[in-house]
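Chains as they are written, first to last, in UniProt numbering: chain E, 1 to 219; chain F, 1 to 219. Backbone N, C-alpha and C define an ideal beta-carbon position, used for all residues, glycine too. Everything numeric in this text was worked out from a predicted model, so none of it was measured. Presented below is the structure to which this report refers.
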DNA sequence: ACAAAAGTGTTTCATATACACCCATGC
DNA sequence: GCATGGGTGTATATGAAACACTTTTGT
């Protein structure tokens with residue numbers, strides 16, 4: 001900020017919130033965590049999980065706090081997608097919001113806490129009526145997801161620590177909505193730095209068993 | 001925003017500012033518009049152009065207003081690059097800032113107003129000491145610029161309405177810092193929708209004269 | 001023995017790169 | 001007539017897409 005002369009205190013101040021687009025996969029659908037609002041504003045609609053920024057935390061920290069309160073998880077992958085600042089974006093009052101998307105493994109989330117929040121996983125292809133400007137936030141998050149799912153190694157945040165290549169491929173197909181050729185896919189992912197073959201074999205998903213891989217963040 | 005139960009007014013409020021990374025080209029350098037601060041905070045350092053968001057405008061509108069006040073220009077290409085929300089990012093007070101980059105043609109700017117603001121064009125490769133978190137803002141803007149200069153048709157916002165292909169190529173080379181092959185470059189840009197050959201010939205830059213092109217936003 | 005998912009190479013096509021000469025004009 | 005920047009095509013290399021069969025094991 002650069003405005004000269006005048007003391008800061010003469011300028012208006014705003015509520016600032018964070019909204020989190022929390023993604024997880026479930027078999028073959030990409031889901032986002034939404035809450036059914038039984039309170040104003042936007043009562044009756046669904047919305048993203050959000051919260052106000054506090055004085056003693058950065059905006060990024062606020063996003064991580066909101067995520068932790070809802071999911072119980074601390075080490076979640078989070079990325080900012082931008083600020084949303086239309087005057088009337090919140091019918092309750094002027095609120096400027098910074099949106100983040102988070103990627104996590106659905107199994108790690110405490111279902112009980114979700115119930116308390118009236119939160120539920122919803123398939124991104126069949127979204128219910130959403131309040132605020134949340135549709136725009138979600139579509140921006142989805143567009144980043146589809147573009148960067150493999151190039152930025154986003155995918156691995158949605159999978160368990162050990163996963164099969166078929167799981168990885170199904171995930172990418174789910175997110176992008178495109179079917180992929182198995183052999184081409186395996187050639188392509190072979191070049192991802194940090195993707196490691198392990199000695200473990202998964203026997204759950206097939207009779208023959210599939211090799212398990214994991215992702216370690218490259219130096 | 002979604003937090004239930006409590007009235008908004010019990011939550012803290014923040015100064016919100018916009019900071020603009022204003023790019024323009026000058027022969028063969030990419031420049032950003034900075035102001036030399038002779039006032040606190042960060043007096044003595046350089047900074048981006050910024051301003052506080054007002055109650056009666058959206059955040060995007062605030063960015064366009066700040067640009068208009070400084071440059072006199074109304075129809076400037078602007079894109080948000082994100083919110084910056086570290087607690088101590090402004091030594092004067094807690095301020096949450098939303099950064100934008102803007103692309104314009106240096107000739108269209110009123111130099112007199114720049115003088116009044118103590119503003120000057122600075123080559124992005126030789127940036128002076130900058131206040132706040134402005135180095136991070138600029139490097140983020142630069143990274144978007146380098147990646148999207150042609151794919152998102154950013155380049156045309158930096159050129160006059162009519163330009164030669166050599167001007168366009170020089171610009172892309174300047175922004176990306178890489179030299180390009182003339183024939184390959186022309187094959188590539190031939191596929192950009194909206195890039196139109198005109199009947200006009202520029203006689204300034206060469207004896208033979210070079211065909212002028214222009215860019216019209218595709219439907 | 002058969003169903004079910006895992007695993008594995010080659011050919012073809014499209015795109016990207018490398019590369020050098022003639023053209024038109026002003027001086 | 002020569003110096004200056006404008007304009008053009010082809011061959012090669014690299015990466016992307018199409019494509020089908022064998023393997024292992026549980027039932």
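In three-state DSSP terms, what is residue i?
i                     : result
residue 39 (chain F)  : coil
residue 123 (chain E) : strand
residue 184 (chain E) : helix
residue 189 (chain E) : helix
residue 165 (chain E) : helix
residue 204 (chain E) : coil
residue 52 (chain F)  : strand
residue 31 (chain E)  : strand
residue 155 (chain E) : helix
residue 211 (chain E) : strand
residue 3 (chain E)   : Model confidence at residue 3 (chain E) stands at a pLDDT of 48, short of 50, so the residue's coordinates are unreliable and nothing is read from them.
Kindly give me the distance between the Cβ atoms of residue i and residue j, rounded to whole angstroms, as I take these residues to be in contact under 8 Å.
i                     : j                     : result
residue 195 (chain E) : residue 189 (chain E) : 6 Å
residue 105 (chain F) : residue 24 (chain F)  : 7 Å
residue 33 (chain F)  : residue 22 (chain F)  : 4 Å
residue 90 (chain E)  : residue 52 (chain E)  : With 8 Å as the limit, residue 90 (chain E) and residue 52 (chain E) do not qualify as a contact, their Cβ atoms being about 11 Å apart.
residue 214 (chain F) : residue 198 (chain F) : 6 Å
residue 103 (chain F) : residue 124 (chain F) : Residue 103 (chain F) to residue 124 (chain F), Cβ: 13 Å. No contact.
Rounded to whole angstroms, what's the CA-CA distance from residue i to residue j? Just pull it up for me.
i                     : j                     : result
residue 119 (chain F) : residue 38 (chain F)  : 11 Å
residue 71 (chain F)  : residue 54 (chain F)  : 19 Å
residue 60 (chain F)  : residue 82 (chain E)  : 12 Å
residue 68 (chain F)  : residue 114 (chain F) : 12 Å
residue 169 (chain F) : residue 217 (chain E) : 37 Å
residue 108 (chain F) : residue 157 (chain F) : 12 Å
residue 41 (chain F)  : residue 36 (chain E)  : 45 Å
residue 128 (chain E) : residue 64 (chain F)  : 34 Å
residue 66 (chain F)  : residue 203 (chain F) : 37 Å
residue 122 (chain F) : residue 137 (chain F) : 15 Å
residue 184 (chain E) : residue 172 (chain E) : 13 Å
residue 163 (chain E) : residue 210 (chain E) : 9 Å
residue 62 (chain F)  : residue 11 (chain F)  : 23 Å
residue 43 (chain F)  : residue 110 (chain F) : 25 Å
residue 93 (chain F)  : residue 85 (chain F)  : 12 Å
residue 180 (chain E) : residue 144 (chain F) : 29 Å
residue 192 (chain E) : residue 186 (chain E) : 10 Å
residue 79 (chain E)  : residue 206 (chain F) : 49 Å
residue 58 (chain E)  : residue 117 (chain E) : 24 Å
residue 87 (chain F)  : residue 166 (chain F) : 46 Å
residue 112 (chain E) : residue 160 (chain F) : 60 Å
residue 14 (chain F)  : residue 126 (chain F) : 33 Å
residue 8 (chain F)   : residue 219 (chain E) : 44 Å
residue 139 (chain E) : residue 153 (chain F) : 22 Å
residue 26 (chain E)  : residue 134 (chain E) : 22 Å
residue 28 (chain F)  : residue 130 (chain F) : 23 Å
residue 212 (chain E) : residue 56 (chain F)  : 56 Å
Residue range of the alpha helix (DSSP H) that residue i falls in?
i                     : result
residue 139 (chain E) : 134-148
residue 114 (chain F) : 111-117
residue 67 (chain E)  : 59-71
Under DSSP, the beta strand (DSSP E) around residue i begins and ends at which residues?
i                     : result
residue 217 (chain F) : First-last for residue 217 (chain F): undefined, no H or E at that position.
residue 81 (chain E)  : 77-84
residue 17 (chain E)  : 14-26
residue 98 (chain F)  : 95-103
residue 194 (chain F) : Premise fails: residue 194 (chain F) is in no beta strand (DSSP E) and is neither H nor E.
Counting beta carbon pairs with one atom in the stretch 61-78 of chain E and one in the stretch 44-62 of chain F, are three or more of them shorter than 8 Å?
no
Across the stretch 92-104 of chain F and the stretch 5-18 of chain F, are there enough close Cβ pairs to call them in contact, namely three or more that are closer than 8 Å?
yes
Between the stretch 135-149 of chain F and the stretch 164-176 of chain F, do three or more beta carbon pairs fall short of 8 Å?
yes
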